[in-house]
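Residue numbers (mature numbering (1 follows the signal peptide of the UniProt record, and there is no 0)): -22 to -1, 1 to 406. What follows is a set of notes on a single structure, which appears directly below.
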């Protein structure tokens, strides 16, 4: 665990190199061989140029989920815009199970998007809707359609309309500048939340998606801040001597778990945000850090070196710690799946540091993906994907892997480092 804390402090020094451009791009690194074939036909339009290709955004969303394998446009026999125009035999010949067709029309200052989801084998219409949006909201409308299609087919709520937070950096050494961004889940539509000449770490979304907690060193030592996303208003919650780190919101949004070293070694505390009263959860000569709440809000998991190396422990707010990871010598930065039945964490082993999933009932741990320098995992609110930080070409990038490990992608910036990802909750 001493090595873990050294790594934590070193992260401050390694958030360097050049500025990451605002939007991130997506590189699919591994597709799911069992993904369901689907065709998203280019949407018809009224002949006027539109700022976004809605069908392409939907196709990219579905492919990124790992659940679907979209058909290349060049392979399409026809490009119908309505379910009434679909010749199901053509699509059955292409072994396509589902088909999405639609049309985009201008309406005053906005657009009207009409789409239909067709079951190719059943030769039937499954879903259809007309959505109106401003031209500057076409991407959001496309993500909403992706959510609806994903849920209709899989029964799982789509998370394409969620957002991510991440930290970028510019410069080297004392000249390094840090920025906190939020963006759509696909890395687009980025917005700067904070810029500082001091490190920014550990962003965490509030359960309603309206606030971010994070660590900033702007006062000369680490402090935990809470900032409203919409207004930019912010307040410093802690600035104790020593470490102030790893804020984690309770499911009800009223409390923050955190790691503080104000009384000696780092321990886990819980702060009531309204009163700012602190409750000490752990009291140990070992190092405790990286807390995360169970979905029911009754217990926390955290990383501790009390067994000699970093392992994950679980503890109710008034109870005793229970070790829950036993595979290997390094297990850290655990986060619950939304159903509370498993955790995602960083597992150190022969393959380096990888994202792993552990079933809490059986204790079985499985490595996910092939990124060997993974850190800072964050779980999508529907539990289907995990985003994390890793390395590519000497730069920090964001990676993501499906919860079953069958699909993965990366979100590199054009330049510089991107780190400390955090996936938002559902936003509607």
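C-beta: ideal position from N, C-alpha, C; glycine also.
Uninterrupted alpha helix (DSSP H) stretches inside the region 238 to 295 (no shorter than 4 residues):
none
Identify the residues that DSSP records as bridge partners of residue 179: which are they?
Sequence index remark: in the chain shown, residue 179 carries index 201 (1-based). Beta-bridge pairing links residue 179 to 193.
Once the 5 residues before and after residue 186 are set aside, which same chain residues still bring their CB inside 8 Å of it?
For the purposes of this step, residue 186 is taken as residue 208 along the chain shown, with counting starting at 1. Same-chain partners within the cutoff: 231 and 403.
Taking the beta strand (DSSP E) that residue 336 falls in, what are its first and last residues?
Taking the chain shown and counting its residues from 1, one reaches residue 336 at position 358. 330 to 337 is the span of the beta strand (DSSP E), which, as asked, contains residue 336.
How long is the line joining the alpha carbons of residue 168 and residue 160, rounded to whole angstroms?
Working through the chain shown from its first residue, we reach residue 168 at position 190. Working through the chain shown from its first residue, we reach residue 160 at position 182. Residue 168 and residue 160: Cα-Cα distance of roughly 6 Å.
Taking DSSP as the reference, what is the three-state secondary structure of residue 160?
Within the chain shown, numbered from 1, the residue matching residue 160 stands at position 182. DSSP places residue 160 in strand when its eight states are reduced to three.
Measuring straight from C-alpha to C-alpha, what distance separates residue 150 and residue 356?
Within the chain shown, the letter at position 172 stands for residue 150. Within the chain shown, the letter at position 378 stands for residue 356. Rounded to whole angstroms, residue 150 to residue 356 spans 27 Å at the Cα level.
If the criterion is Cβ atoms closer than 8 Å, does the pair residue 234 and residue 270 meet it?
For the purposes of this step, residue 234 is taken as residue 256 along the chain shown, with counting starting at 1. For the purposes of this step, residue 270 is taken as residue 292 along the chain shown, with counting starting at 1. Taking 8 Å as the Cβ cut-off, residue 234 and residue 270 do not qualify as a contacting pair.
Going by the CB atoms, is the gap between residue 397 and residue 144 shorter than 8 Å?
Position 166 of the chain shown, counted from the start, is the residue given in the question as residue 144. Position 419 of the chain shown, counted from the start, is the residue given in the question as residue 397. Yes, the pair counts as a contact, with Cβ atoms nearer than the cut-off.
From 107, 268, 175 and 31, residue whose alpha carbon lies closest to that of residue 19
Locating residue 19 in the chain shown gives position 41, counting from the first residue. Checking every option, the nearest Cα to that of residue 19 belongs to 31.
Out of curiosity, what's the CA-to-CA distance linking residue 350 and residue 118?
As a working note, residue 350 is residue 372 in the chain shown. As a working note, residue 118 is residue 140 in the chain shown. Their Cα atoms are separated by approximately 33 Å.
For the pair the region 35 to 48 and the region 81 to 90, tell me if three or more CB-CB distances fall below 8 Å.
no
When you compare each of 204, 214, 298 and 209 to residue 246 by their alpha carbons, which one comes out closest?
By one-based count along the chain shown, residue 246 stands at place 268. Residue 246 has its Cα closest to that of 298, out of 204, 214, 298 and 209.
From 37, 38 and 17, pick the residue whose C-alpha is nearest to that of residue 53; which is it?
Here residue 53 refers to the residue found at position 75 of the chain shown. Here the closest residue by C-alpha is 17.
Assuming residue 198 is part of the beta strand (DSSP E), what are its boundary residues?
In the chain shown, the residue the question calls residue 198 occupies position 220. From DSSP, residue 198 is part of no beta strand (DSSP E); its letter is neither H nor E.
Let me know if residue 114 comes out buried or exposed under the rule of 16 or more other beta-carbons within 10 Å of its beta-carbon.
If you number the chain shown from 1, residue 114 lands on position 136. Its Cβ having fewer than 16 others within 10 Å, residue 114 is exposed.
The ligand FMN heavy atom lying under 7 Å from the CB of residue 168:
Within the structure as shown, the ligand FMN is missing, as the structure has no ligands at all.
Between the C-alpha atoms of residue 23 and residue 98, what's the straight-line distance to the nearest angstrom?
Position 45 of the chain shown, counted from the start, is the residue given in the question as residue 23. Position 120 of the chain shown, counted from the start, is the residue given in the question as residue 98. Roughly 24 Å separates the two Cα atoms.
Measuring alpha carbon to alpha carbon, tell me which of 123, 109, 369 and 337 ends up nearest residue 89.
Residue numbering aside, residue 89 sits at position 111 when the chain shown is read from its first letter. It is 109 whose Cα lies nearest to the Cα of residue 89.
Beta-carbon proximity of residue 36 to residue 124, cut-off 8 Å
Numbered from its first residue, the chain shown carries residue 36 at position 58. Numbered from its first residue, the chain shown carries residue 124 at position 146. A contact, by the Cβ cut-off of 8 Å.
Neighbourhood of residue 92 by C-beta, 7 Å cutoff - its chain only, sequence neighbours within 5 removed
Counting from 1 along the chain shown, the entry for residue 92 is found at position 114. For residue 92, where only same-chain residues beyond five positions count, the Cβ hits under 7 Å are 80, 81 and 108.
Below 7 Å CB to CB, which residues in the same chain sit around residue 327 once its five sequence neighbours on both sides are set aside?
Taking the first residue of the chain shown as position 1, residue 327 is located at position 349. The residues are 306.
Is DSSP giving residue 405 helix, strand or coil here?
Along the chain shown, one-based indexing puts residue 405 at 427. Residue state, collapsed to three classes: coil.
Pick out whichever of 371, 132 and 376 has its Cα sitting closest to the Cα of residue 163.
Against the chain shown, residue 163 aligns to sequence position 185. Closest by alpha carbon: 376.
Within 10 angstroms of its Cβ, does residue 405 collect 16 or more other Cβ (buried), or is it exposed?
Against the chain shown, residue 405 aligns to sequence position 427. Classification of residue 405: exposed, given that the 10 Å Cβ count is below 16.
So which of 315, 96 and 152 has the shortest CA-CA distance to residue 176?
The residue given as residue 176 occupies position 198 in the chain shown. Comparing Cα positions, the closest option is 152.
Please work out which residues of its chain come closer than 7 Å, Cβ to Cβ, to residue 294, disregarding the five sequence neighbours upstream and downstream, and give them in chain order.
Your numbering for residue 294 matches position 316 in the chain shown. Answer for residue 294: 276 and 277, listed in chain order.
Endpoints, the alpha helix (DSSP H) within which residue 32 is located
On the chain shown, position 54 is the one that residue 32 refers to. Unbroken alpha helix (DSSP H) run through residue 32: 32 to 42.
In the structure shown, what three-state DSSP assignment does residue 311 receive?
Translated into the one-based positions of the chain shown, residue 311 becomes position 333. Looking at residue 311 - three-state DSSP - the assignment turns out to be strand.
Cα-Cα separation, residue 422 to residue 244
A question about residue 422 goes unanswered here, because the residues of the chain that appear run from -22 up to 406.
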